[in-house]
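Student: Just passing along the structure, written as structure tokens.
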Amino acid sequence: MRPSCARVTFRWAPPTSKPATILFLFSTLQAFITVGQGSWSARKRTLRIIPVLDLKGGEVVRAQQGKRDRYRPIVTPLSQTSDVIAVAEGLRRLYPFPTFYIADLDAIEGGTPNSGALARLKAMAEPPELWVDAGFADENTLSAALAEPWLCPVLGSESQQDDALLRRFCAHPELILSLDFFDDGFRGPASFLDEPALWPQKLIVMTLAKVGSASGPDFTRLEAIKAKAGSRSVIAAGGVRNEADIRALSSLGIAAALVATSLHDGTLTPGHLAALVT
């Protein structure tokens with residue numbers, strides 16, 4: 001079953017003299033009060049944080065600004081190894097994330113897909129929903145992925161020779177489009193940018209030059225695409241550093257952020273995540 005967000009109703013009651021009751025109320029209020037500087041009330045907590053697992057050669061690797069020849073097995077305090085399950089479980093010790101974004105780099109580059117790693121993630125005790133970019137470039141492969149209830153295929157613009165697949169499947173509720181920007185600009189058919197009517201309901205703005213850089217999101221590009229996206233969910237990817245970036249993205253109306261580095265380096269702590277994640 002696909003995960004959903006439940007609305008929480010909180011009603012304040014005057015504190016009593018019982019210490020246990022006061023402690024309970026204090027703990028409950030922590031999710032509704034200010035995080036860092038500025039006020040962020042419960043009704044404003046609308047942005048999802050989705051951890052990223054970049055897969056290459058069966059291992060999780062650390063992304064570096066889209067320069068894939070430099071990607072190496074990840075070294076992280078969250079896991080003793082770069083094994084995909086070990087890293088996923090380490091991330092879930094920070095917060096019980098229901099969704100992971102998977103970049104199957106081997107498949108994207110035309111190699112053998114990391115099917116075994118995906119199967120192991122699917123077999124976890126609490127299997128996550130997986131948003132997977134596996135270089136989908138033909139109708140049969142994309143159709144098969146869309147038929148999987150635990151998987152949302154990501155159609156990466158860099159993998160497309162034309163817009164035929166997007167035109168064929170843009171109305172499918174589980175399709176996610178990724179607009180891929182490298183340091184030399186947009187990579188993909190021009191119609192992906194020029195015709196917002198082709199965009200599905202979920203749209204990733206992937207700024208590869210900022211991935212793993214901790215340089216901050218590309219707010220200008222995100223704002224421009226959000227202005228054309230209408231009611232669609234726009235997802236930021238690349239450069240998210242800290243809770244200030246999360247608040248700034250939320251203020252732009254961004255629906256979610258794909259995050260890796262700031263989770264592994266401890267910038268986003270369990271306390272931040274408990275308050276920020278919806």
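Residue 1 is where the sequence shown starts when you use our numbering, and the numbers rise one by one after that.
Don't be surprised by glycine CBs; every beta carbon is placed ideally from N, CA and C.
Note that this is a predicted model, so its numbers are computed, not measured.
Could you check how far apart the C-beta atoms of ILE49 and VAL259 are, in whole angstroms? I think they sit under 8 Å.
Tutor: At roughly 5 Å, the Cβ-Cβ gap stays under 8 Å, so ILE49 and VAL259 are in contact.
Student: Rounded to a whole number of angstroms, what is the C-alpha to C-alpha distance between GLN273 and PRO200?
Tutor: It is worth fixing the name first, because residue 273 is Leu in this sequence and not Gln. Spanning the two alpha carbons is a distance of roughly 28 Å.
Student: Here's a check: name, in chain order, each residue in its chain whose Cβ is nearer than 7 Å to the Cβ of LEU29, leaving out the five neighbours to either side.
Tutor: Here the model assigns LEU29 a pLDDT of 36, short of 50, so the residue's position is not dependable and the matter cannot be decided.
Student: Would PRO51 pass as a contact of LEU263 if the rule is Cβ separation under 7 Å?
Tutor: Result yes, Cβ atoms of PRO51 and LEU263 sit closer than 7 Å.
Student: What are the start and end residues of each continuous beta strand (DSSP E) run of 3 or more residues lying completely inside the segment 165-230, in chain order?
Tutor: 176-182, 202-207, all fully within the segment 165-230.
Student: Within the same chain, show all residues whose beta-carbon is closer than 8 Å to that of CYS152, passing over the 5 residues directly before and after it, in chain order.
Tutor: For CYS152, where only same-chain residues beyond five positions count, the Cβ hits under 8 Å are GLU129, LEU130, TRP131, VAL132, GLU174, LEU175, ILE176, LYS202.
Student: Which residue wins for smallest C-alpha separation from ALA209, given the options ALA237, LEU193, PHE192, ARG232?
Tutor: Of the listed residues, the one whose Cα sits closest to ALA209 is ALA237.
Student: State the start and end residues of the unbroken beta strand (DSSP E) segment that holds GLY156.
Tutor: 151-156 is the span of the beta strand (DSSP E), which, as asked, contains GLY156.
Student: Would SER293 and GLY185 qualify as a contact pair, given that the criterion is a beta-carbon distance under 7 Å?
Tutor: Nothing about residue 293 can be reported from this structure: the residues present for the chain run from 1 to 278 only.
Student: Taking only the alpha-carbon atoms, compute the straight-line gap between GLY266 and VAL211 and give it to the nearest angstrom.
Tutor: Rounded to the nearest angstrom, the two C-alpha atoms are 17 Å apart.
Student: If you run the structure through DSSP and keep just helix, strand and coil, what is LEU78?
Tutor: The answer is coil: DSSP assigns LEU78 none of H, G, I, E or B.
Student: Could you tell me the alpha carbon to alpha carbon distance between VAL75 and ARG92, rounded to whole angstroms?
Tutor: Distance between the alpha carbons of VAL75 and ARG92 is about 17 Å.
Student: Measure how close the beta-carbons of GLU139 and ARG167 come, nearest whole angstrom, since I'm counting them as under 8 Å.
Tutor: Contact doesn't hold; Cβ gap of about 11 Å is too wide.
Student: Going by DSSP in three states, THR99 sits in which element: helix, strand or coil?
Tutor: Strand at THR99.
Student: If I'm right that LEU252 touches LYS226 with Cβ under 8 Å, what's the distance once you round it to whole angstroms?
Tutor: Yes, LEU252 and LYS226 are in contact; Cβ-Cβ is about 6 Å, under 8 Å.
Student: Can you give the Cα-Cα distance for MET206 and ALA125, rounded to whole angstroms?
Tutor: Roughly 30 Å between the two C-alpha positions.
Student: Around the C-beta of ARG72, are 16 or more other C-beta atoms found within 10 angstroms, so that it is buried, or is it exposed?
Tutor: ARG72 should be labelled exposed.
Student: Assign ARG241 to one of two classes, buried (16 or more other C-beta atoms within 10 Å of its C-beta) or exposed (fewer than that).
Tutor: When all chains shown are included, ARG241 counts as buried.
Student: Would you please state the rounded distance, in angstroms, between the beta carbons of ARG187 and SER215? I believe it to be under 8 Å.
Tutor: 20 Å between Cβ atoms; not a contact.
Student: Does the Cβ of SER82 have 16 or more other Cβ atoms within 10 Å, making it buried, or fewer, making it exposed?
Tutor: Buried: at least 16 other Cβ atoms inside 10 Å.
Student: Tell me the rounded alpha-carbon separation between LEU268 and GLU243.
Tutor: In a straight line, the C-alpha of LEU268 is about 7 Å away from that of GLU243.
Student: For the beta strand (DSSP E) containing PRO113, name the first residue and the last one.
Tutor: Run containing PRO113: none; DSSP gives neither H nor E here.
Student: Are PRO55 and PHE100 touching if we call contact CB-CB under 7 Å?
Tutor: A small fix is needed here, since residue 55 is Leu in this sequence, not Pro. Contact flag unset, no.
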